[in-house]
Amino acid sequence: MKIDAELKRREAFKIARSRKKVSQREASIALNISESHFRNIESGRGNPDAVLLFRIARYFGETPENMFPDLAIA
608 MKIDAELKRR EAFKIARSRK KVSQREASIA LNISESHFRN IESGRGNPDA
658 VLLFRIARYF GETPENMFPD LAIA
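Taking the numbering used here, the leading residue of the sequence shown gets 608, the next gets one more, and so forth.
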């Protein structure tokens, strides 16, 4: 179900940010994107392009599938 996948995405982001101990602002600066764009991706209101998807996953030390379970579902 799409809603469940979006909730998992938000959960994965929050857990990853918590482990890395960074704010949305700090993460957005490190990823060279706007804070609002990062918030939209984290909340499920927006999707990253393929390049950004991999940058986000690498930044948090996760796989793209863990960070974006809704996008991994075919």
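Every residue, glycine too, gets a C-beta built ideally from N, C-alpha and C.
Computed from a predicted model, the values in this text were never measured in an experiment.
Collapsing the DSSP output to three states places residue 662 in a helix.
Going by beta carbons, residue 631 and residue 652 fall outside the 7 Å limit.
In the three-state scheme derived from DSSP, where H, G and I count as helix and E and B as strand, residue 628 is classed as coil. Just so you know, the alpha carbons of residue 642 and residue 620 end up roughly 14 Å apart.
Membership of residue 648 in the alpha helix (DSSP H) is indicated by the continuous run 642-650.
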